[in-house]
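S.K.: Every position in the first sequence, counted from 1, becomes a number in our numbering once 37 is added.
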Amino acid sequence: MPELPEIEITRRGLEPRLSRRRIAKVVVRNAGLRWQVAANLPRLASGQMIHNVSRRGKYLLIGCGGGTLIMHLGMSGSLRFLNQSVPAQKHDHFELQLDNGEMLRLRDPRRFGSVLWTSSDPLAHPRLRDLGPEPLTRAFNANWLYRHTRSRTAAIKQVLMDSHVVVGIGNIYANEALFHARIHPKRSASRISLARYEKLVEAVRKTLRLAIKAGGSSLRDFADCDGNLGDFQLQYLVYGRGGKPCDACGTRIRQFKQGQRSSFYCPRCQT
DNA sequence: CGCCAGGCCTGCACGC
DNA sequence: TGCGTGCAGGCCTGGC
Numbered sequence: 038m039p040e041l042p043e044i045e046i047t048r049r050g051l052e053p054r055l056s057r058r059r060i061a062k063v064v065v066r067n068a069g070l071r072w073q074v075a076a077n078l079p080r081l082a083s084g085q086m087i088h089n090v091s092r093r094g095k096y097l098l099i100g101c102g103g104g105t106l107i108m109h110l111g112m113s114g115s116l117r118f119l120n121q122s123v124p125a126q127k128h129d130h131f132e133l134q135l136d137n138g139e140m141l142r143l144r145d146p147r148r149f150g151s152v153l154w155t156s157s158d159p160l161a162h163p164r165l166r167d168l169g170p171e172p173l174t175r176a177f178n179a180n181w182l183y184r185h186t187r188s189r190t191a192a193i194k195q196v197l198m199d200s201h202v203v204v205g206i207g208n209i210y211a212n213e214a215l216f217h218a219r220i221h222p223k224r225s226a227s228r229i230s231l232a233r234y235e236k237l238v239e240a241v242r243k244t245l246r247l248a249i250k251a252g253g254s255s256l257r258d259f260a261d262c263d264g265n266l267g268d269f270q271l272q273y274l275v276y277g278r279g280g281k282p283c284d285a286c287g288t289r290i291r292q293f294k295q296g297q298r299s300s301f302y303c304p305r306c307q308t
C-alpha cells in the first residue's frame, strides 16, 4: 500500500500519541513477516520510553531511550490505535501496548512488512544505510539525479523507484510525477537533460506534497492510525486510468508492464 | 482458474 | 578479480 505520503501520514498520527509514552508490553502474534521478528524483540522493547517517531523513506522509526523500533508496512500493512480490549483479527501480527491503556496494532495481510529493533544508530542499520536522499529535502535535486544516471541504461521510471537513488517513490507516485514532468516512463535515464531533471524534481515534490495534503491514497485498505481514509486516489491523472482520456489533452492513457509493474502515461504529453 | 495489487531483497548473468 | 548494473523470481493474501 504505502509509499512516502502514506507513511508520512501514519508518522504524523503516531508521533503525538506515542511520544513520552512507555511501551508496557509487546505482542508478536505472527513473527513470519518479510523478515522473522526477532525472538528477543519483545524483551528489548518492553519498558522503553518512546521519545519520537521519525521516518526514513518508507521506514517508520520509533525512537526509544535504549534503541529504535523500525517498522516497514510492505504492500499491505497499516497501523491502528485501538483499545487493548479489541480482539485481534486474522492479519493482526504485532502490537505495542502502551502505559495508558492504548495499543498500536499492525495489520498486514500479505506480510511483506517488517518489524526490527536496533540498539545503535538506526540510520546505520543494514536496511537503511544505503538509502538515497529524501525527496522532500534539498539533498534530492537535479544535479544528484543527473550525476547518478550518466552511466545507467535503465528507464527513468525504474530509476525513480530505486531507493538507492531516492527514497519513498513507489509505483503510483512514479507514474504521477512523470506525467507532471511530461517525461515518458520508458525514457532512458541517461538521455534526460539537467533542465528536464529540474522539472522532474519539482514534479516529484509537488506530487508527494499534494498526496500528503490529501491524507495519502486509499486504494483498498490504507487508512491512517485512526482509521481515516485518504483522498489522493481521486486526483490520479494517469495511475489506474489506462484507456481513459488524458486530463490535459484527451488522448487515451496507455498502460504497459515495466519491470513487472504497471506503467501509465499519456503518449502525447509525455516524451 | 488466472491475473492483478501500494515493496523490495536476493541471486544470477553480463560487461567493463 | 571485482565492481555496477539489469532482470527475474520470490515472498504472501485477497479480490475480481
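We put the beta carbon where it would ideally sit given N, CA and C, even for glycine.
#1: What number of angstroms, rounded off, separates the C-alpha of Asn67 from the C-alpha of Glu139?
#2: Using 8 Å for Cβ pairs, my map puts Gly103 next to Ser156. What's the rounded Cβ distance?
#3: Is it right to say Trp202 is buried, meaning 16 or more other beta carbons lie within 10 angstroms of its own, or is it exposed?
#4: Does the beta-carbon distance from Leu41 to Pro172 come in below 8 Å?
#5: Taking the C-alpha atoms as reference points, what is the distance between Thr105 and Arg144?
#6: Bridge partners of Glu139, per DSSP?
#7: At which residues does the beta strand (DSSP E) containing Val63 begin and terminate?
#8: Which residue marks the beginning of the beta strand (DSSP E) containing His185, and which one marks its end?
#9: Report the CB separation of Ile60 from Ser83 in whole angstroms; it is logged as a contact under 8 Å.
#10: With respect to the alpha helix (DSSP H) encompassing Arg48, which residues constitute its N-terminal and C-terminal limits?
#11: Starting from Val90, trace the beta strand (DSSP E) in both directions and tell me its first and last residue.
#12: Leaving out five residues before and five after Ile87 in sequence, what residues of the same chain have Cβ atoms less than 8 Å from its Cβ?
M.R.: Considering the structure as presented:
#1: 20 Å
#2: 6 Å
#3: Residue identity differs from the one stated: residue 202 is Val in this sequence, not Trp. It counts as buried.
#4: yes
#5: 20 Å
#6: Asn120
#7: 60-65
#8: No beta strand (DSSP E) holds His185; the alpha helix (DSSP H) holding it covers 179-186.
#9: 6 Å
#10: 41-55
#11: 87-93
#12: Leu55, Ser56, Arg57, Arg58, Arg59, Ile60, Ile99, Gly100, Cys101
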